[in-house]
Each structure stands twice: as C-alpha cells, then as structure tokens.
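*Asks:* Structure incoming, see below.
Protein chains: 4
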Amino acid sequence: MSSINKVVLAYSGGLDTSVIVKWLQETYNCEVVTFTADIGQGEEVEPARAKAEALGVKEIYIDDLREEFVRDFVFPMFRANTIYEGEYLLGTSIARPLISKRLIEIANETGADAISHGATGKGNDQVRFELGAYALKPGIQVIAPWREWDLTSRETLMAYCEEHNIPVDFSSKKKKSPYSMDANLLHISYEGGVLEDPWTEAEEDMWRWSVSPEAAPDVATYIDLTFEKGDIVAIDGERLSPAEVLAKLNKLGGDNGIGRLDIVENRYVGMKSRGCYETPGGTIILKAHRAIESITLDREVAHLKDSLMPKYAELIYNGYWWSPERQLLQNVIDESQEPVNGDVRLKLYKGGVHVVGRRSDDSLFDENIATFEDDAGAYDQKDAEGFIKLNALRMRIAANKGRKLL
Amino acid sequence: MSSINKVVLAYSGGLDTSVIVKWLQETYNCEVVTFTADIGQGEEVEPARAKAEALGVKEIYIDDLREEFVRDFVFPMFRANTIYEGEYLLGTSIARPLISKRLIEIANETGADAISHGATGKGNDQVRFELGAYALKPGIQVIAPWREWDLTSRETLMAYCEEHNIPVDFSSKKKKSPYSMDANLLHISYEGGVLEDPWTEAEEDMWRWSVSPEAAPDVATYIDLTFEKGDIVAIDGERLSPAEVLAKLNKLGGDNGIGRLDIVENRYVGMKSRGCYETPGGTIILKAHRAIESITLDREVAHLKDSLMPKYAELIYNGYWWSPERQLLQNVIDESQEPVNGDVRLKLYKGGVHVVGRRSDDSLFDENIATFEDDAGAYDQKDAEGFIKLNALRMRIAANKGRKLL
Amino acid sequence: MSSINKVVLAYSGGLDTSVIVKWLQETYNCEVVTFTADIGQGEEVEPARAKAEALGVKEIYIDDLREEFVRDFVFPMFRANTIYEGEYLLGTSIARPLISKRLIEIANETGADAISHGATGKGNDQVRFELGAYALKPGIQVIAPWREWDLTSRETLMAYCEEHNIPVDFSSKKKKSPYSMDANLLHISYEGGVLEDPWTEAEEDMWRWSVSPEAAPDVATYIDLTFEKGDIVAIDGERLSPAEVLAKLNKLGGDNGIGRLDIVENRYVGMKSRGCYETPGGTIILKAHRAIESITLDREVAHLKDSLMPKYAELIYNGYWWSPERQLLQNVIDESQEPVNGDVRLKLYKGGVHVVGRRSDDSLFDENIATFEDDAGAYDQKDAEGFIKLNALRMRIAANKGRKLL
Amino acid sequence: MSSINKVVLAYSGGLDTSVIVKWLQETYNCEVVTFTADIGQGEEVEPARAKAEALGVKEIYIDDLREEFVRDFVFPMFRANTIYEGEYLLGTSIARPLISKRLIEIANETGADAISHGATGKGNDQVRFELGAYALKPGIQVIAPWREWDLTSRETLMAYCEEHNIPVDFSSKKKKSPYSMDANLLHISYEGGVLEDPWTEAEEDMWRWSVSPEAAPDVATYIDLTFEKGDIVAIDGERLSPAEVLAKLNKLGGDNGIGRLDIVENRYVGMKSRGCYETPGGTIILKAHRAIESITLDREVAHLKDSLMPKYAELIYNGYWWSPERQLLQNVIDESQEPVNGDVRLKLYKGGVHVVGRRSDDSLFDENIATFEDDAGAYDQKDAEGFIKLNALRMRIAANKGRKLL
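Those protein sequences? They're chains V, X, C and F, same order as listed. Sequential numbering of the first sequence, starting at 1, is according to the UniProt record's numbering. Sequential numbering of the second sequence, starting at 1, is according to the UniProt record's numbering. Sequential numbering of the third sequence, starting at 1, is according to the UniProt record's numbering. Sequential numbering of the fourth sequence, starting at 1, is according to the UniProt record's numbering.
The following block contains the structure:
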C-alpha cells in the first residue's frame, strides 16, 4: 500500500465511523473527508457536520440522495422483479453502489487517493463498496478499518474513544438495540442478537417500521398504482416523484403490517446468515409490478426476464452493480418495460398485499380469445390438435422405438 | 383417424362428461369405459358409477388417487419451489399427468384404442392430457369432443340432453356457479364470469376453500412442520401420510385465509387468461420448504435449483410431465433434497404465512462464523481483501484501459 | 378460410413453385403475385420473370436482397456466435425471416390477402415462413400447398404439369440432383437421397461450393479480417460491403475446403433429420468473431452471451426471428459488440480455420498482468490466498459439519 | 497459520518443485512428503524417487493415475460436450482435482497437516488445487511457495539452488523451452514467451504432440468409435480401457495434425491470458460424442444439456470439481447418457475431424418420418398448420393490438 494523503470516508455520524475518522488520521497520517448521505435511513444527517468538525475534518459532504437512490437504483431493480434466493428484496445491497459512486466522485473532486468505510470483514457490504469503487476508479486505494485494526470488541473501542476524546454520545440511538441494523428508504435490516439462532423467533419490539399484522387496521386499504415504463408514477391518481412514491408506500405498507421478512441467506463471502427485514413499500411494488407485467408483457419476454432474474439478483447481492454484465442485463430489462404501463389495484390487509385488478392501454389480454363463449373465428379450436401432435412427436417416436421414461 | 372400438373417458359424473359418453357412443359407435378419480376435489366419486351405468357403460373405473397424487406429483413439484410466472402454484397442471397415466393404464387393461376428455380447445388441459397420453402410449388415439362437436353453447348442449334422455340433474353443483371451476387436493380454480375483465375484483362469495383474511381468527396459529428429504412428514410432531399432510395444511391454511391468488397468466396455447386460485396448503408448503432449504442447502446448489426452476415450472404448466427432460430435471431436484431435513416453525395469520424459525441436524448455518463477535480463527477477515481485489481485477483492467461503463 | 382474392407467392422460378402458381390460380380462383429474390443462391433470378409471365402472373417482384440479407440477418446472428446444437450455422433458418418480411411488404403494397410458399409440411421452413408472416401481419392468410394438395409424388406433379401446359424445363438444374437442396449467400444445404441413412457417408460429388480438403491447395492461405462492432468490414485491409465480405469469404473458404458439415439435427416439428451443409464464409466468420471477442469482451459479458446463445439459436432455428424475445436478445447482443473492434489473422488450410493472431485498440489483454515475469505491483499474488479461502468457505463449513460430497 | 509438522507436496521431480522441497523443510522446519503422479505427461515419474531421496524426503509416493484420470475425470467431462469459452477443452483444469484428491488422501495416510504445490500466484491452478483440498479436508493447511517466497526470478532461484546444493540438472528438459508448459494424457499447454503478444503466431517448433496439418499424411484416416453410455469403449472394433482409448486417439490425432488450438482465455483470477494447446484425442472425442448424441438423445434433453454446459465448463475451469453443484450437474449429465450408445465413423485429415456416419440401436432417427417420400400416416402434414397457428397466436394478438416489433 503506497502512502495515502487524503481519504474519503462514508461517515454516518455514529460512534463507529467517528472512531474511524480518528483512527485514519492517526494510522495513515492523512486528511479525512467525510461523506454523509440521506438515503432515507430516517435519521437526520445534518448533525454529522458538527461531529465531523469536532473531529477535525475540513472537507465535509452531506447529500440528500433519496431521489437518485429510488430513481436510479431501486426502481431499475424492481423492473426485473428482483428477489434474491426467492425471498430477499435486496434492500441493503441496492444502496451500496450509490455510496460507492459518491465516494469516488468526492475522491475525484477532493483529490483523495483512498476511500474508507465502516463495513466489517465478514459481511457483503465491504464487497459491494469496494467492487464499486475499483470499477469506477481502478487506481483508488481502499481502507477497511474493521479488517485492519484491533478495536474488535466493544471494550477496546470504548477505550479508544476515551483515549482520543471521542464523545460516546456520538453513539447513535441504534446502538441501544441488541441488533445490528441498517436502514434506507427501501428497508431496515436486523442481524445479530437472538437472531443468531435461526430457530428463535424475532421479538415483536425489534421491528421498527411496521406494525404487527395483528395491530394493523381491521379494515383493508385499497390503493391504485399507476405505472409508466415499469415504474410507479402515481398513487391513487396523484403523481409523485420516485422517492415520494416509495415513502408513501412505506407508510401505507407499514401501517398495514406489510413487508416483514425473516430469512437465512447465503452471503457472497461464504457463510449463511440470518436476517430480518422490513420492506413495506418494496413488497408492494414487487407484487404490483408483476401484476402490470402480467397483462402487458409478451409471454416469452416475461419468461426470458424470469430466467435472467436470479443472475441479475445475484449480481446486485454480490456487489456487481457497477459491472458491464449488470449493465447489459439492465438494458434488456429496461427495454422490456416500454409497454409496462397501466394501473394496478391492490388490497392491503394485515400483512397481505392482494392484487384485485389491473388494466392497461397496452394490455395484451384479449377477452374475446380467452373467453369460453363462442367467438367469431379468432381462434380455431381444431388448431390445438396439430399443435399437440407435433409437440408430442419426438416423444411418440421415442416411445415407438422402445425408449422408456424412467 | 382409424376406426375406434373402445375409448376410455375421464369422467367426472357431471353433465358435460355425461353428454360426452353418449356422444362418443353415437359418433364413434364405440364402447366407452369411464374413469373417475378422487384426487381430492371434494366431491363424492362413487355416484359416478350409477350415472355411468345409466348411460350404458359396462366398464367403470373409480379410483382413490389422493395419496399417489400428493406423493408422486405434488410433493416432487414442491421440492423445486416451483412457481409459474412468479405467482401460480400449478394446482391444475400437476393433476393432469396423473389422469393421463391412469387413462393409459386403463386403456391397456381394457384394450381400448382411444382416450377422451372434457377439456376445451382453448385451454392448457387438453395439451396436458394428450401430451401425457402420447408419451406413454404413442399409438393411442385421442378424442377431444370440445374440438369436434357442435354442442358449443349451453342451449345446444341442453337440447342434446333432452334428445338423449340425459337427466339434467347430472349437472353437478358446480354448474350453479357462474365460474368455471376445477378442484383437487392441491387447489381449486376459478375462471370466466366477471373474472373475464381483469380489472374487476373477484366477489367474496366466489371463494370456496378459504375464509377471507378479514373473517380469519384474530389470533395467530403457530405450526411446526417436519421435513425429510424435502417433503413434509409431520405436522406439530404428528407423522402423516402425504395426502393427510396436504389435507391438514389445506384446513389450517383455509381457516386462516391463506392461499388466495388472483392472476393473469400466459397459456401455452397462446393467450392470456385471468384465473383465481385457492391453494392454502400449497402456499404453506412453498414457504416452509424454502425455509428448510435455507439452512440445509449449499448456496450454489440452491442457486442452481433457482436457475432451473422457471424451466421446470414451464414444463409442468405446458404439459410435459411425462417427458425425458422433466424427468432429468426431477432427478437433479430430488438428489438435491438428500440433506433437506429438519423443522420449520410458521405463524399463520389472516392470509399471511410467516416463517419464524427453522432448525436441522443437517444445517449448514454456523453461528461461530456468521456472528459479529470475535471467533477463534475460523474466518480471517483479511482474506476478504484478496477476495475483493481479484474479483475486481477484470473491471480494474478494463477501467485502466479506458473502457467506460455506460 | 375466408375467400382469397390475391396471394403473394415466394417464387423460385423452378418447377415446383411454377406448379403452385397454377394450382393457386385454379384452386382459389385468385390472382397470384410472384416474388423472387436474389439472396445469393447462385442462380439467376431474372429468368423467373418470363416464366411467371407465361403463367399469367401480372404482378412480378424480383429483388436483389443480398446486402440486406447479410447486413440485417447474417451479421447480427454471428454477433452471438450462434450455433444450433453445437454444430449447425443456421444457413437456411436465417434466410426465411427476410423472405417473410418481403412477402408481407408486397402483400401490403399489392393489397393481397394471403401469402404462399413451397415448403413441405414436414420441415422447419413452413414454420419459419408462417410465424414471420403472422407476426408481421396478424390477419394474413397462409396457403401452404404441400400441406393441402394431393400432388405429393413426382408422378402426380408431372401429370399436373402436362395437363396444365407447364413446361417441364422450368425444372431447375437442382432437380437433377438426388438431394433436396437450398442455397443462399450463407450456405447450401443437402437433404434426402442416400443421406437418409445417417451411417452412409455423403458422396464427394454432392458438394458444390467447396473443394474437398484433399483437393485444396497444399499451401496455407493467410488472411486478416477487420472487425467493427462485431462485424467484418475489411479483408486484408480492403473495405467491403457485408455481402461482398461474405462472398469473398465463401470463395476463400470454398477454395480451401472449409465449411463442410454433416449432421443429424432436431427439427422444431419433432423429428430428427440428417443434413449436409457447406458454409465456407460462415465457418470463417464464427471462428474469427470468437477470436476478436476473446481480447475485447469482458469475461462476464462473454459468459453471459454464451449462456444466452443456445436460446437465441433455438429461436432462429424455430422461426422466431420476428418475435419480441428474439429482438430483446438481439439488443443485448448488439450492445455487447460496441468494443468488438480490431483485427484477426487466420490461416486457412485444407478444411481448417486456424486463428494465429488477434489485436485491438479495445483490447483488455494486459501483458503486464498476465505475464509470468515480475511486475510493478499491478497484481499482488498474496490476494489469491484470500480469494481462494473465501471461495472455499461454504465448502469447508459443509465438510466441517460432516456433509459428504457424493 | 498454525505450526506445520508435515506437508505433502505435488512433486514433479523438476527444478522448481525440488527447490520447494528444500524451502519447505527450511522455512517451516517440517517433514516433506512428495507425491509424483503419472497422468500421462509423457515423462518418466520413477526418477523423481531418487531426487526426492537426495533431498532428504522419507515418504515418497509415485502413482500411475492414468486410468483413473481418464475414467473418472476426462470421460465424465466429455459426456457434457464441455468447452470453455467456445474453444478450450479444459486439459489443464481437469487434471487438477485428481491431484488434489491424491494430495489429501496422502495427507490422511501420512498424518500431514498441510499440502503444497508449485503453482504461481497469478494462475488458475493454485485455485483448482486449493479449492479441491479445502473441500475434501476443510482443516488442511495450504502452502503456496510462489505466493510467499522471494525466489521470484530465475536468478534468485538459481542462487538458492547453489546455496542448498540442489543439482541444477534437476531442471527437466521442459525448462529449455521458452514456454511454460504443462502436459497430461489429455493435452499439452504452452504459455509465455512470444505468445505474450496475442498478435504473434506461435512458432511451428513449439508444438510437441502433433505434426502440422501440412506435414500430416496426404491420405485421410477413417476410424470407427464405439460408445457405451457416452464413453468410447472401442476403436475400430478393438475394446480398450479409457486411458488406452485416449492414448490411441492422441496418436491418431497427432499424426493427422489434429487438436492444435491458439486462444486468449479469461482466467478465474481476473486477467486474460493467451495459451496454445494440443488436444488431439480430446478434439476427436468431442466431435464424435456430439455425433452419437445427435441420433440417441431426445431433442429437449440435448438442449437442456447444452444450456447447462457453459456453467459446467466454468465450474471445472474455475476449480470447483469437488463441489456439490458440479456433482449435481454431473449426475444430470451422466443420467442423460444411458442411451448414448453406438458407433461413429470419422475421417481424420490434415487437422480436420469430419463425421461421416453414425448409427445406434438406440437411435431416435426415424427414416420413415424424416423422409420426403410419402409415408403411411406416421405424420399428418396438416398438423403443422395448427402447430404454427397456436405458436403464432401470442404474436398475432400483440400485432392486432398495435404492438410493434422494435
């Protein structure tokens, strides 16, 4: 590792990344630039400024990235009906490439030669941060304190704070939780604590964004979502920006107990881990998007998308947002969304999202052909015989020649 | 079509297939063998005997196929976490190959040279029945009355009944519904009627197997499911046969408002169609099966299965159960299930199935590695640096050489 | 089938399609428009005019489509390194969608309500012609005489000619061959005759476009091919149009005994068939294209393309060129070709195409990193340890927990 | 790294691995066990014994693994028609997992706690050796001297030899080559030297296993290969063991100038590298295996195999032979080979392998159906109309509704 003059740190304003500021200054004898982003995590970002200043930071970046986050990352991802391992909506994964991008932009602006982050050495996030950084600026250096330092217990960390006069109230309120949490406009995640035993049920008071299904209203909420090119542009007829859409769906979903998930997932770095997630808006989007696609997409286009989705989800989960293969897949997905326009009506009720209607000017649904009643020659039922017979031909030949099915 | 002496008919005992008996006898001047199966549709099959006798049928087969259905068709399908087009649990599709198999077995036993069924010329079921029949007995002839006759309206059908003394009370109770319905132990389906407009919500009184989420109990039901090689073998510690498992889960699910689905799907014969489904037990199985796999399957095995699933689902939906490619995929899936053993704890509540715990003697979850606490060298965090750097190498080289991402 | 006033026929000028002209006029009492295209089959198309006139045809279209064929069909296909079933370069398949397109364009211009072609009812070509036609003009009617008429033997056909005064010398020279042949600028195919026994070797005098490897020159020919965005634009430095490129490579390949293929393939309509093909230029293009991609494409982009190719090849073989899913795949493929620029040097010798060099301004090959010699820190060999250890982690955990490999 | 008592080294008997013996003894103060295998590299292995003894090695393993190599690794791989990146027959990749397996077996027998190998830190082989070792024995330690030591130039290495009295004539004859070479019964590879410029043609005198096409006989050689369950069991009617088959095909191929390959490939560790390979027998096997499959495999089974192949090839190339996902894929592939029996006739001529005939008792080729002549009702040409019309339906509906292609 060559010598480092300036490093841009993804700074939350919390205790851990405050320690990192000090540790970087000391260990590398370098200037630290902090970057704090509002990506909808639900905490004020402005207080990070004073904390950074108190730590001697001179270049402080504080950005509101909520619109960019939803418009350029969350929405494109949902166009593919993306789910990792059949369950996970990728709430953490999808925020990381945006942070990487800003870190590199700021490194370019400030002439920094390194970036740094507070992700541990066992998780996926380090991979996501760093793959993005390397892809966008191949000569960048990366400092991952959790992989380097020896402040690996709460005690050593606290001792370091005391020694370096870092106020412990830098510790955000999150730290009072027994869980490791991460939040952005798409979701909040929980790991650790009692969750480490996958047989133990999460405690009700862990969940922060949604009421329990039991506590949700006894009367269902109906909503209409309007799609244009695969993205939601209006709720109940009111046009909203991408971040507004997601914020409103989070509220609607959370109020109705929607979007809780408790899974064991496979990390890219090789181990299984148990995580709980609340993704109220995302859960609604996924369901609605499939519904609008069901009437507007050609069958084979839809099946092609479905066959590519697991690979696409894996790329995002593993941190390859900023890769040529993800971008190529994105192009296919985006092009497929040209006709994905129309309305979806949903019923939200005590944890459930139920599609009850969908309509579109671009609908390929043809009542006259699908109906059981007579129709005027649009479909000749006798065609089915030939269709079946030729599709059966290879199997008939095989059977004729004595080939056995298992 | 060469002349036909004897035809085996899939006979429900209802009005339509009773007309088919008569029509086959008249049109082909042949003997008709009826075959009626209990696959859990929830109607008595024995009454079909007297009806068939009244129509002059001499060879009458009535079988209880419920255990075979669940053991050899439903359970194998769920081992793959099979869903068609992201939503549909294939309740109709999976019953057809069993009927095909029995039709051919009976044709072999009775020396029949043809089979017949009551599926229309616009649907998927004709394809499923006939592909199976041709694959299992390539020389069989198939008579599909709905593609041949002119009894295509209710009026002409009723006139035929009157003319041929077919009692109209043969008409089953289903016929009082405005919907076209089909049921077996896995699900009940609804098509037609007001559903033909995909924007119109299904009426509450359409649903037959489940209470509405609103009408479900206000207190959640917790259940423990025990898996062996990917199949559920016990509920709350009580060992049950496959059909018993599914019946009990249908009851538990239906009581809790679980398993309703309202979708527009793409038929193999080329058009989109709107269907509503109740699959209470299947919805529970799918969720639980993913949960037990999440701790027992290797990551890459799980991802490989996920990548094959859409193809596998398509094969079943399209009627290729009895094909060498489905059987080959089945073998992969089945082999993968060797370690899929253990328990899953679920919370059922007002339409929702929530996984709250999973455990297994074959678990690959390793608390010591996944935890955030220090561990004794099982995982060296510094390895992550090399892992990331080599995974980033191709992208760094590309960026170094001036290659742009989009 | 509603009544037909005017039909556009794909007319070769040969005996079979001349009979079809007459048969259409008589059977459907309709006007026939003939369409004859030069797609590089190596026969004059202009003589078809007089023949059509002699048959009473008033609207006669004769087009030179060679450039369009190579530019819009052959080249796009090779961008995907397309091969069907590991061997076949799709020479017949790729010409059909162009014919379909022109048939429909002419139907639109002439107000015809149907199209017709001379493909048999057992082959793939009928499917390719008709799927294209239906996709481009859904209300078009299709007349496939070989599926309808009873002129199914050479004798009945000749009798028909005599009866209707169709000169038998309309029969092209191809008819003297015992093989069924089809040619265009990409290839010539042979079926039937002694080839029907897949154990029998094709006779040397069957092949028409290439000398035998034995008869090829004893000295190798070296050529340099220049690629731009995945297409060949120059040979040995001379810029050529797409059709000129293919014509010249056919000459070079044919002279060197390149491009003969003898396979058994699986038809879309369900049976296996044995075909022999000569594709001299195509064989060279495929090899060269892979070579230029090998230095210009990112690894994962290349692997993604490889994973999509079999599907893409199947779509073309089965006749789905004019489908939304083929077009979607085409877009991915085309976008991937942006950096596929540079030169490939080939050695052609007695049936073999050997890549001996490749270079590109867009090369991702990095001598300094790949070399075994010391380098200045571009690659830290110690990174490999972490890379391997994390990639091995899931397998180590599994083994630690007693999980056995088979 | 905990302390090491005994290490098993993959020992070639050459200079580099002899240095490693000494270096391991010194650096780790441990006992070294050498393991030398005959996998058909064409050099005597017995001389390695004396050399190892001279270096103070007490436990020396020398194995003839040729039959196991071909039977359990090479043949299973060819059952999948495996090619990496469209060209490479994986000759190096497939030998590594066998070495890993024996290293671990010997570690278990001798109570060693580590293994070691002579692969560099930039290549794929280190990954293949180590992933296999970790998967088979998760607690094993791995020493990769090339990633650790500072003997990274020829000069420092020679100085080390002199200092430690390692006779330089240990240097095998390979070292006289300017290329880095690796050989086994499947292939010989060349890297480095002038090959580092991918535009430079390999020199004729580099190639060791095959004559040039120019120097091959002027008369073609015909051979008949007999397959059982996808493997070649006889050549020209003479039954041979797996290793005998491959050795004989290497001879036949090499004599006819077959199997030379010059490519740029993408390494798993992230860079592109240029390699030349001679795989005479493998080139023949691949071509013949596809030919026997072409008449014995069901179409959809064949296509399924083709769609899985790139993934399977990647697993082998990347070193995941000993992984559950490779084994699962292997099972699919192996099961598909049940009917892959019969004979293939090939013409070998100046670098080319030409299939001229194939036959099988398990053939699915049906002359009566594929032929153009009349047949007795096996195939009704009119079925094609319905087949086409239903396959076109979705596209016709879309076009009717105004949906445009592109």
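Heads up, the beta-carbon is just placed ideally off N, CA and C, and yes, glycines get one too. Since we're looking at a predicted model, the values are computed, not measured.
Kindly indicate which residue of F:Leu-103, F:Arg-79, F:His-117 has the alpha-carbon position closest to the one of Gly-111 of chain F.
*Replies:* Sequence index remark: in the fourth sequence, residue 111 of chain F carries index 111 (1-based). Cα-wise, what sits closest to Gly-111 of chain F is F:Leu-103.
*Asks:* Tell me which same chain residues have a C-beta within less than 6 Å of the C-beta of Gln-213 of chain C, skipping the five on either side of it?
*Replies:* In the third sequence, counting from the first residue as 1, residue 213 of chain C sits at position 213. Rather than Gln, the amino acid found at residue 213 of chain C in this sequence is Pro. Counting only Cβ-Cβ distances below 6 Å, and skipping sequence neighbours, we find Gly-257, Lys-350, Gly-351.
*Asks:* If you draw a straight line from the alpha carbon of Pro-339 of chain X to that of Arg-403 of chain C, how long is it in whole angstroms?
*Replies:* Mapped onto the second sequence, residue 339 of chain X falls at position 339. Mapped onto the third sequence, residue 403 of chain C falls at position 403. Near 9 Å, if we compare the C-alpha coordinates of Arg-403 of chain C and Pro-339 of chain X.
*Asks:* The beta strand (DSSP E) with His-354 of chain F in it runs from where to where?
*Replies:* Along the fourth sequence, one-based indexing puts residue 354 of chain F at 354. Unbroken beta strand (DSSP E) run through His-354 of chain F: 352-359.
*Asks:* Report the residue from C:Pro-198, C:Trp-207, C:Asp-255, C:Asp-182 whose alpha carbon sits nearest the alpha carbon of Asp-218 of chain C.
*Replies:* Residue mapping note: residue 218 of chain C aligns to position 218 of the third sequence, counting from 1. Of the listed residues, the one whose Cα sits closest to Asp-218 of chain C is C:Asp-255.
*Asks:* Quick check on the DSSP output: the beta strand (DSSP E) that includes Thr-34 of chain X runs from which residue to which?
*Replies:* The residue you call residue 34 of chain X lines up with position 34 of the second sequence. Per DSSP, Thr-34 of chain X belongs to the beta strand (DSSP E) from 31-38.
*Asks:* Specify the secondary structure class of Asp-375 of chain F as computed by DSSP and reduced to three states.
*Replies:* Your numbering for residue 375 of chain F matches position 375 in the fourth sequence. Confidence at Asp-375 of chain F is low in this model, with a pLDDT of 46, below 50, so the placement of that residue is unreliable and no value is reported for it.
*Asks:* Taking 8 Å as the CB-CB limit, is Glu-325 of chain X close to chain F?
*Replies:* As a first step, residue 325 of chain X is located in the second sequence; it is residue number 325 there, counting from the start. Yes, its Cβ sits closer than 8 Å to a Cβ of chain F.
*Asks:* Kindly list, in the order they appear in chain C, the residues whose Cβ is closer than 8 Å to that of Lys-382 of chain X.
*Replies:* Here the question's residue 382 of chain X lines up with position 382 in the second sequence. Per Cβ cutoff of 8 Å: Gly-386.
*Asks:* Note down the Cα distance separating Gly-13 of chain X from Arg-208 of chain V, rounded to an integer number of angstroms.
*Replies:* Taking the second sequence and counting its residues from 1, the one referred to as residue 13 of chain X is at position 13. Taking the first sequence and counting its residues from 1, the one referred to as residue 208 of chain V is at position 208. Distance between the alpha carbons of Gly-13 of chain X and Arg-208 of chain V: 55 Å.
*Asks:* Around the C-beta of Ala-50 of chain X, are 16 or more other C-beta atoms found within 10 angstroms, so that it is buried, or is it exposed?
*Replies:* Residue mapping note: residue 50 of chain X aligns to position 50 of the second sequence, counting from 1. Under this definition Ala-50 of chain X is an exposed residue.
*Asks:* Between C:Asn-391, C:Asp-113, C:Leu-246, C:His-187, which lies nearest to Val-70 of chain C when the distance is taken from Cα to Cα?
*Replies:* Position 70 of the third sequence, counted from the first residue, corresponds to residue 70 of chain C. The option with the nearest alpha carbon to Val-70 of chain C is C:Leu-246.
*Asks:* Pick helix, strand or coil for Asp-298 of chain C, following the three-state DSSP scheme.
*Replies:* Locating residue 298 of chain C in the third sequence gives position 298, where the first residue counts as 1. Here Asp-298 of chain C sits in coil by DSSP.
*Asks:* Under a CB-based cut-off of 8 Å, is Ile-295 of chain V close to chain F?
*Replies:* The residue labelled residue 295 of chain V in the question sits at position 295 within the first sequence. No, because no Cβ of chain F sits closer than 8 Å to the Cβ of Ile-295 of chain V.
*Asks:* When DSSP labels each residue in this structure, what does Glu-203 of chain C get in the three-state scheme?
*Replies:* Counted from its first residue, the third sequence places residue 203 of chain C at position 203. Note: Glu-203 of chain C maps to coil in three-state DSSP.
*Asks:* Hey, is Ser-100 of chain C's beta-carbon within less than 8 Å of any beta-carbon in chain V?
*Replies:* By 1-based counting over the third sequence, the position of residue 100 of chain C is 100. No, Ser-100 of chain C lies away from the interface with chain V (no Cβ there is under 8 Å from its Cβ).
*Asks:* So Phe-69 of chain F contacts chain C; which residues on that side make the cut at Cβ distance below 8 Å?
*Replies:* As a working note, residue 69 of chain F is residue 69 in the fourth sequence. Those do not exist, as Phe-69 of chain F stays about 18 Å from chain C at its closest Cβ, beyond 8 Å.
*Asks:* In whole angstroms, what separates the C-alpha of Ser-172 of chain C from that of Glu-67 of chain C?
*Replies:* Taking the third sequence and counting its residues from 1, one reaches residue 172 of chain C at position 172. Taking the third sequence and counting its residues from 1, one reaches residue 67 of chain C at position 67. Low confidence applies to Ser-172 of chain C: its pLDDT is 49, below 50, so where it sits in the model is not reliable, and the reading given next is rough at best. Cα to Cα, the separation comes out at about 25 Å.
*Asks:* Ordered along the chain, which non-local residues of its own chain (more than five positions away) have a Cβ less than 6 Å from that of Ala-216 of chain F?
*Replies:* Stepping through the fourth sequence from its first residue, residue 216 of chain F is reached at position 216. So the qualifying residues of the chain are Asn-256, Gly-257, Lys-350.
*Asks:* Rounded to whole angstroms, what is the Cα-Cα separation between Val-356 of chain F and Asn-368 of chain F?
*Replies:* Residue 356 of chain F sits at position 356 when you count from the first residue of the fourth sequence. Residue 368 of chain F sits at position 368 when you count from the first residue of the fourth sequence. Near 21 Å, if we compare the C-alpha coordinates of Asn-368 of chain F and Val-356 of chain F.
*Asks:* Just list the beta strand (DSSP E) runs in the stretch 234-266 of chain C, keeping only unbroken ones of 3 residues or longer that don't cross its boundaries, in chain order.
*Replies:* The qualifying runs are 260-266.
*Asks:* Residue 413 of chain F by DSSP, collapsed to three states: which one?
*Replies:* In the structure displayed, chain F extends from 1 to 406; residue 413 of chain F sits before or after that span and is not available.
*Asks:* Is it buried or exposed, Lys-137 of chain V, if we count other Cβ atoms within 10 angstroms and call 16 or more buried?
*Replies:* Position 137 of the first sequence, counted from the start, is the residue given in the question as residue 137 of chain V. Label assigned to Lys-137 of chain V: buried.
*Asks:* On a Cα-Cα basis, can you pick out the residue from X:Asp-298, X:Asp-64, X:Trp-322 that is closest to Leu-328 of chain F?
*Replies:* For the purposes of this step, residue 328 of chain F is taken as the residue at position 328 of the fourth sequence. Minimum Cα distance to Leu-328 of chain F is reached at X:Asp-298.
*Asks:* Strictly below 7 Å CB to CB, what residues from chain F border Arg-66 of chain V?
*Replies:* In the first sequence, counting from the first residue as 1, residue 66 of chain V sits at position 66. Result: empty, since nearest Cβ-Cβ is about 35 Å, beyond 7 Å.
*Asks:* Around the C-beta of Thr-92 of chain C, are 16 or more other C-beta atoms found within 10 angstroms, so that it is buried, or is it exposed?
*Replies:* One-based indexing of the third sequence puts residue 92 of chain C at position 92. The residue in question, Thr-92 of chain C, is buried, as its Cβ has 16 or more Cβ neighbours within 10 Å.
*Asks:* Does the separation of the CB atoms of Gly-237 of chain X and Ile-284 of chain X fall below 8 Å?
*Replies:* By one-based count along the second sequence, residue 237 of chain X stands at place 237. By one-based count along the second sequence, residue 284 of chain X stands at place 284. Contact flag unset, no.
*Asks:* Find the residues of chain C that neighbour Arg-358 of chain X, judging by a C-beta separation of less than 8 Å, and give them in chain order.
*Replies:* Taking the second sequence and counting its residues from 1, one reaches residue 358 of chain X at position 358. The contacting residues do not exist; Arg-358 of chain X stays about 16 Å from chain C at best.
*Asks:* Which residues in the same chain have their Cβ closer than 7 Å to the Cβ of Arg-290 of chain C, if we skip the five residues on either side of it in sequence?
*Replies:* Residue numbering aside, residue 290 of chain C sits at position 290 when the third sequence is read from its first letter. Once the five neighbours on either side are set aside, the close Cβ partners of Arg-290 of chain C are Asn-81.
*Asks:* Apart from the five residues just before and just after Ser-180 of chain V, which ones in its own chain have a Cβ nearer than 6 Å to its Cβ?
*Replies:* As a first step, residue 180 of chain V is located in the first sequence; it is residue number 180 there, counting from the start. Same-chain partners within the cutoff: Glu-191, Gly-192.
*Asks:* Return no unless some Cβ of chain X is closer than 8 Å to the Cβ of Leu-390 of chain C.
*Replies:* If you number the third sequence from 1, residue 390 of chain C lands on position 390. True, the Cβ-Cβ gap to chain X drops below 8 Å.
*Asks:* Spell out a yes or no on whether the stretch 313-323 of chain V and the stretch 309-321 of chain C are touching, meaning 3 or more CB-CB pairs, one atom from each, closer than 8 Å.
*Replies:* Segments in contact, no.
*Asks:* With a 10 Å radius around its C-beta and 16 neighbouring C-beta atoms as the bar for buried, classify Val-332 of chain X as buried or exposed.
*Replies:* On the second sequence, residue 332 of chain X is found 332 positions in, with the first residue counted as 1. Buried: at least 16 other Cβ atoms inside 10 Å.
*Asks:* Does the stretch 3-12 of chain C touch the stretch 150-163 of chain V, meaning 3 or more C-beta pairs lie closer than 8 Å?
*Replies:* Touching, no.
*Asks:* If you measure beta-carbon to beta-carbon, which residues of the stretch 228-250 of chain C are closer than 8 Å to chain X?
*Replies:* Going along the stretch 228-250 of chain C in chain order, one finds no residue with a Cβ nearer than 8 Å to chain X.
*Asks:* In the DSSP assignment, what are the bridge partners of Val-194 of chain X?
*Replies:* To locate residue 194 of chain X, count along the second sequence from 1; it is residue 194. Its beta-bridge partners do not exist; DSSP assigns none.
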